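Asker: Below: one structure in structure tokens.
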């Protein structure tokens, strides 16, 4: 496995087209695009990394996997009154579907859906408390107490977050929100601004590869049934209107973030985190996707066959 | 396994709500809704069935899996100039997406996509020749020379096929068609009217569970890579705007037909065909979906974990 | 008035950018773009023309004004169960609105709406009979027995009419049609292929400028109330998604055709026909619109003030 | 004329179905629905009123006519870089069109368009200054210094204005705004909360009926050309997706407000204000529309003929 990840990192280093760094959040725009990291965590506790796997990056939308997990723990199946579980066929920030479906987002991974999830887990608490809870959860999942929120990124998002504010006010106009739009957006922007490296991220995702149990701690995070369902949502909707392409090329449940990270799950086999800040036109990490494609080719881990 | 399929058939027989038989194709509307069949074909050649697994039914949209397979064999990757590979988020017969995307269907499994595939495999030939080729392919896949087209159903579809005619003319108006709309629709309606039973269908799908090789004949139908990709498309788009729900509940690549059949694939493990004519509101077999849900629970075959 | 129309014709002759002749109907594409005609018919029976006002052209969608008039005569207010009377905000051949509104077109002047009107006036008759009736009506309106259908154009439209066929089949799929799609499309394509010159067209529109009475014959075509309503529909919807622009610049009820003609009505004052085959990007006659703008500036005929 | 307005008021008093008072702005919901007023102002300075024509009501969206007039005065034709001038075919608060057209509203009378106009007239100033300017303009137009903003209504709108906030943030996300979303919304909600009676409103609209000149003051408000264009926009877009219906039934340029007022213009003849708080399902005053329909029938003022 170490050989495989080293080969992949070497191949990625030689690529000339690394995609374009996200520009719409100013704080993300200044990241060096020539970075690449991969970490593969196995259920037996072993971990294989290559590239700058200790460099922190903004996990952005990957955090949606964990806030969904928290929301499922708190609300159970009532989560599905707030968001659907179908792919949207639309970009991550589309509002058209919201108008056609009375303010209910298609799934928890488009921005509107994750904002609705943020409202659900706030549930009348202060954003500060809820963010502390999210952070505790991430630290526990990653088995690493050092994880924090990058306040500069959070502020940068708040200042430029008109599209997300539009989505939030739109849902609020249907009376769907329990909390103020400001509290919800504050929570959302902050959990998107959690900084992690690929080692922490791959470790955090292990419970999804291991039937709901985090093998490093032995702790059951979710039921085995729920782990499968989160995986199914990641496969169906984890890459927005590029989800079909990712399933086609990689064949693993995965969730991308605009910071260039991707968390992928090979059920029963591995949790994988890759990071490279350059994005493809849809907004998913260009080299990250290519690295996962290679990894699956080498390991035969596609859920769709060898 | 025989025990499992028998149990499932028994449970399904006891259900009171069996959904509503499709009414928009008159010939399908007169099927008895109290029927259920399941067949599980394993790569080792063994086959387990329960219910009326020898009763023929109209495979309808399940045929799209096989016409896509044929088209990939003929055109290779050029197929993707004709159809995309993303879920559409829309019903099977929606035309909105076509207008927004200049007449290119989102994927080969929505009606518009399958009609475009029919145009691609016609490629200037007579519909009769192309249909003969499709039938030969189905007989070879099922290892059963008795498979035919139900002409009554085909005629019924032609007479009531205004929505599909609308989709076809719409695409033709962009200059996307090589053949006349009539030839394309004739081909499409006829391949949807192939009649099969669950035994034949489960056998036909085995190549998708077996890395592209049909184990009953030993013949390689498609490359292992292509088998994975067809599976990914089935998972992402095989149940129209109910694909997310099917992935969430069943967790297998699958393709439904409005005749009440579903072909599902457990990669490396099994090809499964179920049939029950009653449909849920989205147009997928109600008991068929429930039966697959039970099967996966008993076998742990979900691609998303145990 | 003769001075005004002569001036306008002279100004139009000097324009270098005359727009592009419609290319999607092959028979229309071979018309010489350097032609211009204007005719102004007054309620007192006087007529002022300039340019090639005796040259026949394909009236195309202008015919929709007259089929709507016929349909109102036959069905009365029941016409509004078949089509709405709101602007669509969409191009003339859009199908999106039809899907969102269950197959009922927004107004009688978008293609779908006029096709629905053709179905309504067919009402079980043969297309040949209905077309004969439409022709009789046009000849009576224009007070000219020579008006006919250009069969070459009609055939050209039939052969290239996939978009309209798509719209027709779409509506038929909702069960909205009384007649076969072929009969409806045949009727529609033929009435769009009526050939007229600006003199005939301006004369035909006089009843709309004269409270429903054709002053050349003294015959009441429609009630004064209905004349106003047809005028309102022409203003709101007569130029598709360019209707706002036409109202803004010209300020008269008008109906354009892709053949380059426009019929405009100055209520109480005049019926005006202009023709120049070059179109603007939305599909309305470029010089025709400019000529009307000039005419209104010179005459103060805008319905919105001097 | 006094006889006509008295008759209309009497007829309206006898109607049993007066529509439903707008409920989404709490402060508007408590208005007594059994009120009706009409005022007709003629260019010669005479004024005819009936009903409670001195009762103040919230002019709401009618204010958009005056902010557009101001914006045209400040920016001239550059206004059209901010908003289009086509009917939208969508409800007043739709966001779908905004996404499809990159954040540019279809016209200045849908909410998004009027919010964009508020941004344009703010142009870096404080909302307080701009609102003072709007008020001065309204007082001058109405020739009445007593006109003010109803602060309770403005606050009520701010508190429940999520849908408008969504529209504003959406446009801001395209970088279209010069001012902060809060300043723009504050301005917008306040100018919508101006309280006027039908006498003041009819007087204010006279310049549109009189080629741009306010006859009570002799002051030219806009060029005659611009007056026509504002009238054309009112006719095409003044009643949202009920504009076609209003043109069909009434046949005058008009602008409705959710407070139950309508300002209508008979070019060259009269400026008319009606008020009755009950709305039809689209959000336009039910009795107000009926009263205008009667008035036009009695006076022959329709722009579409007698």
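Chains as they are written, first to last, in my numbering: chain A, 2 to 307; chain B, 2 to 307; chain C, 2 to 307; chain D, 2 to 307.
Cβ atoms here follow ideal geometry from the backbone N, Cα and C, with glycine treated the same way.
None of the values given here were measured: they were computed from a predicted structure.
Taking CB distances under 8 Å as the criterion, tell me whether residue 258/A reaches chain B.
Answerer: Judged by the 8 Å Cβ criterion, residue 258/A is not in contact with chain B.
Asker: State whether the region 267 to 274 of chain C contacts the region 280 to 293 of chain D, with contact taken as three or more CB pairs (one from each stretch) at a distance under 8 Å.
Answerer: In short, these stretches do not touch, since the Cβ pair count stays below three.
Asker: Run through DSSP, which three-state label would residue 270/B get?
Answerer: Coil.
Asker: Mind checking which residues open and close the beta strand (DSSP E) that includes residue 256/A?
Answerer: 255 to 257 is the extent of the beta strand (DSSP E) around residue 256/A.
Asker: Which residues of chain B have a Cβ atom closer than 8 Å to the Cβ of residue 91/A, listed in chain order?
Answerer: Chain B residues near residue 91/A: 90.
Asker: Using 8 Å as the Cβ pair cut-off and three pairs as the minimum, do the region 272 to 283 of chain D and the region 228 to 243 of chain C touch?
Answerer: The region 272 to 283 of chain D vs the region 228 to 243 of chain C: no contact.
Asker: For residue 188/A, count the other beta carbons within 10 Å of its own beta carbon; 16 or more makes it buried, fewer makes it exposed. Which is it?
Answerer: So residue 188/A ends up on the buried side.
Asker: I want to verify the contact list: residues of chain C whose CB lies under 9 Å from the CB of residue 208/D, in sequence order.
Answerer: By Cβ distance, chain C contributes nothing, its closest Cβ being about 10 Å from residue 208/D, past 9 Å.
Asker: Does DSSP classify residue 226/D as helix, strand or coil?
Answerer: Correct three-state label for residue 226/D: helix.
Asker: So what does DSSP say about residue 84/A, is it helix, strand or coil?
Answerer: Three-state result, residue 84/A: coil.
Asker: Against chain A, which members of the region 91 to 117 of chain D pass a CB distance test of less than 7 Å?
Answerer: Against chain A - using a Cβ distance shorter than 7 Å - the residues of the region 91 to 117 of chain D are 95, 96, 97, 100.
Asker: Fully enclosed by the region 128 to 206 of chain C, which alpha helix (DSSP H) runs are 4 residues long or longer?
Answerer: Listed in chain order, they are 128 to 143, 152 to 160, 163 to 173, 182 to 193, 199 to 205.
Asker: Which residues of chain C have a Cβ atom closer than 7 Å to the Cβ of residue 174/B, listed in chain order?
Answerer: Correct list: 163, 164, 167.
Asker: Kindly identify the DSSP beta-bridge partner or partners of residue 214/D.
Answerer: Answer by DSSP bridge pairing, in chain order: 221/D.
Asker: Leaving out five residues before and five after residue 21/C in sequence, what residues of the same chain have Cβ atoms less than 7 Å from its Cβ?
Answerer: 279, 280, listed in sequence order.
Asker: Compare the C-beta of residue 158/D against all C-beta atoms of chain C and say whether one is closer than 8 Å.
Answerer: No, residue 158/D lies away from the interface with chain C (no Cβ there is under 8 Å from its Cβ).
Asker: State yes or no: is the beta carbon of residue 171/B nearer than 8 Å to at least one beta carbon in chain C?
Answerer: Judged by the 8 Å Cβ criterion, residue 171/B is in contact with chain C.
Asker: From the DSSP output, in three-state form, read off residue 110/D for me.
Answerer: Here residue 110/D sits in coil by DSSP.
Asker: Could you pull the DSSP bridge partners for residue 49/D from this structure?
Answerer: Its beta-bridge partners are 41/D.
Asker: Could you pull the DSSP bridge partners for residue 263/D from this structure?
Answerer: Looking at the DSSP assignment, residue 263/D forms a beta bridge with 257/D, 275/D.
Asker: How is residue 32/B classed by DSSP in three states: helix, strand or coil?
Answerer: Looking at residue 32/B - three-state DSSP - the assignment turns out to be coil, as it is neither helix nor strand.
Asker: Just mark residue 163/D as buried or exposed, buried being the case when its beta carbon has 16 or more other beta carbons within 10 Å.
Answerer: So residue 163/D ends up on the buried side.
Asker: Whose C-alpha, out of 292/C, 63/C, 306/C, 221/C, is nearest the C-alpha of residue 6/C?
Answerer: The shortest C-alpha separation from residue 6/C is found at 292/C.
Asker: Identify the continuous alpha helix (DSSP H) that holds residue 2/D and give its terminal residues.
Answerer: From DSSP, residue 2/D is part of no alpha helix (DSSP H); its letter is neither H nor E.
Asker: Would you mind stating whether residue 59/C and residue 185/C have Cβ atoms separated by less than 8 Å?
Answerer: No, the Cβ-Cβ distance between residue 59/C and residue 185/C is not below 8 Å.
Asker: Ordered along the chain, which non-local residues of its own chain (more than five positions away) have a Cβ less than 7 Å from that of residue 139/D?
Answerer: Same-chain partners within the cutoff: 67, 148, 195, 205.
Asker: What does residue 254/C touch in chain D if you count any residue whose Cβ is under 8 Å from its own?
Answerer: Simply 305.
Asker: Any C-beta of chain C sitting closer than 8 Å to the C-beta of residue 294/D?
Answerer: No, residue 294/D does not count as interfacial toward chain C.
Asker: Could you tell me if residue 103/B is buried or exposed, where buried requires 16 or more neighbouring beta carbons within 10 angstroms of its beta carbon?
Answerer: By the neighbour-count rule (16 or more Cβ atoms within 10 Å), residue 103/B is not buried but exposed.
Asker: Under the three-state reduction of DSSP, which class applies to residue 286/A: helix, strand or coil?
Answerer: Strand at residue 286/A.
Asker: Would you say residue 193/C touches the ligand GDP, meaning its beta carbon is less than 7 Å from a heavy atom?
Answerer: The ligand GDP is absent from the structure shown, which contains no ligand whatsoever.
Asker: Considering Cα atoms alone, identify which of 252/C, 172/C, 142/C is closest to residue 203/C.
Answerer: Considering only alpha carbons, the answer is 142/C.
Asker: CB-CB under 6 Å to residue 63/D, same chain, minus the five flanking residues each way: which ones, in chain order?
Answerer: 256, 258, 262, 264.
Asker: Mind checking whether residue 85/B and residue 65/B have CB atoms under 8 Å apart?
Answerer: The answer is no: Cβ separation not under 8 Å.
Asker: Hey, out of 28/A, 174/A, 295/A, 73/A, whose CA is closest to residue 82/A's CA?
Answerer: Measuring from the Cα of residue 82/A, the nearest candidate turns out to be 73/A.
Asker: When you compare the CB of residue 299/C with every CB in chain D, is at least one pair closer than 8 Å?
Answerer: No, no contact with chain D.
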